[in-house]
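Heads up, the sequence shown is in my numbering, so the first residue is 51 and it goes up one at a time. Read through the structure below, which is laid out as structure tokens, and then see the notes.
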Amino acid sequence: MTTVVKTETARPVTPLGILVEQLETIVKMAETTEIPSELANAIKQAYQLGAGIDPYIEENTTQESTALAALAEKTRQEPWNLRFSNSETVRQLEQEMLSGHIEGQTLKMFVYMTGAKRILEIGMFTGYSALAMAEALPEDGRMVACEVDQYVADFARACFDKSPDGSKISVEVAPALETMRKLADAGETFDLVFIDADKKEYIEYFKLLLDTNLLAANGFICIDNTLLQGEPYLPPEKRTPNGEAIAQFNSFVTKDPRVEKVLLPLRDGVTIIRRK
Numbered sequence: 051m052t053t054v055v056k057t058e059t060a061r062p063v064t065p066l067g068i069l070v071e072q073l074e075t076i077v078k079m080a081e082t083t084e085i086p087s088e089l090a091n092a093i094k095q096a097y098q099l100g101a102g103i104d105p106y107i108e109e110n111t112t113q114e115s116t117a118l119a120a121l122a123e124k125t126r127q128e129p130w131n132l133r134f135s136n137s138e139t140v141r142q143l144e145q146e147m148l149s150g151h152i153e154g155q156t157l158k159m160f161v162y163m164t165g166a167k168r169i170l171e172i173g174m175f176t177g178y179s180a181l182a183m184a185e186a187l188p189e190d191g192r193m194v195a196c197e198v199d200q201y202v203a204d205f206a207r208a209c210f211d212k213s214p215d216g217s218k219i220s221v222e223v224a225p226a227l228e229t230m231r232k233l234a235d236a237g238e239t240f241d242l243v244f245i246d247a248d249k250k251e252y253i254e255y256f257k258l259l260l261d262t263n264l265l266a267a268n269g270f271i272c273i274d275n276t277l278l279q280g281e282p283y284l285p286p287e288k289r290t291p292n293g294e295a296i297a298q299f300n301s302f303v304t305k306d307p308r309v310e311k312v313l314l315p316l317r318d319g320v321t322i323i324r325r326k
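See the structure below:
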């Protein structure tokens with residue numbers, strides 16, 4: 051008998067997405083509650099302002115390639131809960147971990163802008179961000195992607211093989227810090243580093259990049275999830291362990307005199323760091 055696995059709808063995982071969901075709930079409550087019409091209209095307008103941002107950005111951003119669209123759809127269709135319950139993945143994964151269209155095109159633009167030829171990705175998942183950046187690499191460009199989970203590494207590799215740019219990516223399956231130390235010992239350096247892995251290890255990734263020559267002089271680091279569902283700027287008692295880890299990371303980087311940084315409210319927060 052064939053088992054049918056239902057595809058789950060993605061939940062909001064960004065500060066804006068969570069805010070819009072809450073505003074939608076308030077709008078529905080206002081429709082069934084006796085409140086002044088001015089207040090009801092103000093609530094509705096606030097919801098419309100928030101709900102319209104992401105669709106408008108999507109509409110006015112270059113569309114993703116066929117290969118990226120196929121990878122994203124395959125990720126959405128994958129029964130991640132089943133994979134974990136069957137011990138096929140080493141940790142619980144979910145479709146929301148995918149970087150997505152806007153962040154993918156942003157990273158791709160960063161590669162074009164910096165002229166990077168060597169990229170290190172720390173935390174690959176199914177490979178959307180890796181492939182987006184690889185599409186902007188020159189023919190002789192190279193990317194090393196660190197991934198701890200063999201299942202998603204194989205998943206990504208199968209998608210890369212269907213893209214003309216997939217051959218630029220080599221995947222290292224091991225804990226990220228282990229791979230980074232191996233690369234540093236081999237004298238490898240990278241122009242651009244993208245970090246989207248274990249939040250509790252972000253400070254260690256950052257220190258290793260700057261304390262070795264892994265990050266080239268004047269190199270850039272892009273860090274994902276630096277707004278982590280809004281938790282870093284909420285009261286400490288409202289934070290999860292990951293939210294607290296990101297809050298500590300943001301503070302740590304801000305105090306480091308070796309770098310310049312800017313935190314962008316892109317998706318779940320992206321911080322761009324430049325080594326002085």
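No residue lacks a Cβ here, since even glycine has one placed at the ideal position from N, Cα and C. Quantities reported herein were computed from a predicted structural model and do not represent experimental measurements.
DSSP places Val320 in the strand class (E or B) of the three-state scheme.
Annotation: Ser87 to Tyr283 spans about 32 Å, alpha carbon to alpha carbon. When the Cα atoms are used, Phe210 and Lys311 turn out to be separated by approximately 31 Å. By the neighbour-count definition (other C-beta atoms within 10 Å, threshold 16), Phe302 is an exposed residue. Under the Cβ criterion (8 Å, minimum of three pairs), the region 270–289 does not count as touching the region 196–204. DSSP, read as helix, strand or coil, puts Asn110 in coil. Membership of Leu121 in the alpha helix (DSSP H) is indicated by the continuous run Thr116 to Gln127. Leu157 and Phe244 do touch by the CB rule: their CB atoms are close to 6 Å apart, below 8 Å.
For Ile93, the CB contacts under 8 Å within the same chain, skipping 5 residues up- and downstream, are Leu73, Ile76, Val77 and Ala80 in chain order.
Taken in chain order, the whole beta strand (DSSP E) runs of length 3 or more contained in the region 208–242 are 219–223. A straight line joining the alpha-carbon of Ala224 with that of Cys196 spans about 7 Å. Per the DSSP secondary-structure output, Leu314 pairs in a beta bridge with Val320. Of all C-beta pairs linking the region 176–191 to the region 225–239, fewer than three are shorter than 8 Å, placing the two stretches out of contact.
For Gly280, no alpha helix (DSSP H) segment is defined, and its DSSP state is neither H nor E. For Asn292, the enclosing alpha helix (DSSP H) covers residues Pro291 to Thr304. Taking a contact as a CB-CB distance under 8 Å, the pair Phe270 and Ile322 counts as one, their CB atoms being some 6 Å apart. Sequence-distant Cβ neighbours of Ala226 in its own chain, meaning closer than 6 Å and more than five residues away, are Ile172, Cys196 and Ala247. For Arg308, there is no enclosing alpha helix (DSSP H), as DSSP gives it neither H nor E. For Asp274, DSSP records a beta bridge to Val320. Contact between Asp215 and Glu185 is confirmed by a C-beta separation of about 5 Å, below the 8 Å threshold. It is roughly 44 Å from the alpha-carbon of Gln113 to the alpha-carbon of Glu84. For Met193, no alpha helix (DSSP H) run applies; the uninterrupted beta strand (DSSP E) run containing it begins and ends at Arg192 to Glu197, by DSSP. In the three-state DSSP reduction, Gly102 falls in the coil class, being neither helix nor strand.
Counted as a single uninterrupted DSSP element, the stretch harbouring Arg61 is not any beta strand (DSSP E), since DSSP gives it neither H nor E.
The region 95–102 makes no contact with the region 141–151, as fewer than three CB pairs between them are under 8 Å. Glu251 and Glu294 have their alpha carbons spaced roughly 12 Å apart. Proximity to Asn110 across Phe160, Ser135, Met193 and Gln155 peaks at Gln155, based on C-alpha coordinates.
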